[in-house]
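**Student:** Residue numbers (my numbering): 1 to 187. Right, I'll just put the structure down here and ask away after.
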Amino acid sequence: YNTPEGLEAGVVGLYNLQRAFFDNGENNGSNSLIIDAKDDLTVPRGGEISNYGLMRQGVNADNSSVHSFWWNSYYKIVDRANAIIAAGERLSNIDEAKRRQILAEAKFFRANAVFTLFKTFNNIYITTEPTSFETAFRTINSKTPEADIYKLVNGDLIYSIENLTWASYQVGRVNQATARHLKAEVA
């Protein structure tokens with residue numbers, strides 16, 4: 001992410017990672033729905049979702065790959081967003097409006113991923129530091145306090161709301177309305 005074009009490509013990669021989460025064909029494409037089907041209001045009748053809703057699978061991480069799918073997918077988005085944000089804040093040869101647009105999109109994706117991880121798993125560790133050779137093998141011994149998670153998510157969303165336009169500059173891109181929607185969900 002050493003050029004404005006590289007940062008833009010990184011942001012496009014975030015869209016791809018988010019889309020890939022829902023386009024995944026494992027469990028007949030139900031991975032993105034399965035965890036939401038595990039509540040006392042859902043009465044699944046067939047397919048993979050029924051195995052989870054009826055507590056035949058997914059009772060713990062040992063009999064479900066879905067938990068690791070959610071975990072890995074959203075932590076990958078957090079990590080890539082962290083790298084784009086850090087590079088975007090450092091880069092000197094970039095138009096300031098373009099920098100704000102790139103950072104706003106990356107911060108939206110990080111906020112969405114962090115919030116999804118928190119509401120799904122609760123006990124999570126979050127850092128805003130990009131993964132590097134020095135940090136890749138650190139042992140994590142504690143979870144991030146809930147107040148710190150909400151501070152990061154809300155801060156990212158406020159930045160996105162302030163720097164995204166109401167109308168997407170390209171079809172399929174996040175905009176201020178998307179950020180405001182997620183902000184309301186977080187509240």
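Where a beta carbon is used, it is the ideal one built from N, C-alpha and C, also for glycine.
How many Å lie between T128 and F22 at the Cα?
**Tutor:** Roughly 25 Å between the two C-alpha positions.
**Student:** DSSP state of L157, grouped into three classes?
**Tutor:** Three-state DSSP puts L157 in a helix.
**Student:** With burial defined as no fewer than 16 other Cβ atoms inside 10 Å of the residue's Cβ, what is the status of S160: buried or exposed?
**Tutor:** Buried, because 16 or more other Cβ atoms sit within 10 Å of the Cβ of S160.
**Student:** For N154, I'd like the list of residues in its chain whose CB is within less than 7 Å of its CB, leaving aside the five on either flank, ordered along the chain.
**Tutor:** Excluding sequence neighbours, N154 sits near V186.
**Student:** Going along the chain, which residues of its own chain have a beta-carbon closer than 6 Å to the beta-carbon of Y74, five neighbours each way excluded?
**Tutor:** Only A113, T116 and L117 meet the Cβ criterion.
**Student:** Check whether the stretch 91-109 touches the stretch 124-144, counting contact only when three or more Cβ pairs, one atom from each stretch, lie closer than 8 Å.
**Tutor:** Verdict: no, contact absent.
**Student:** Just to confirm, is the Cβ distance from L14 to F109 under 9 Å?
**Tutor:** Going by C-beta atoms, L14 is nearer than 9 Å to F109.
**Student:** Determine the burial state of D148: buried for a count of at least 16 other Cβ atoms within 10 Å of its Cβ, exposed for fewer.
**Tutor:** Looking at its Cβ environment, which holds fewer than 16 other Cβ atoms inside 10 Å, D148 is exposed.
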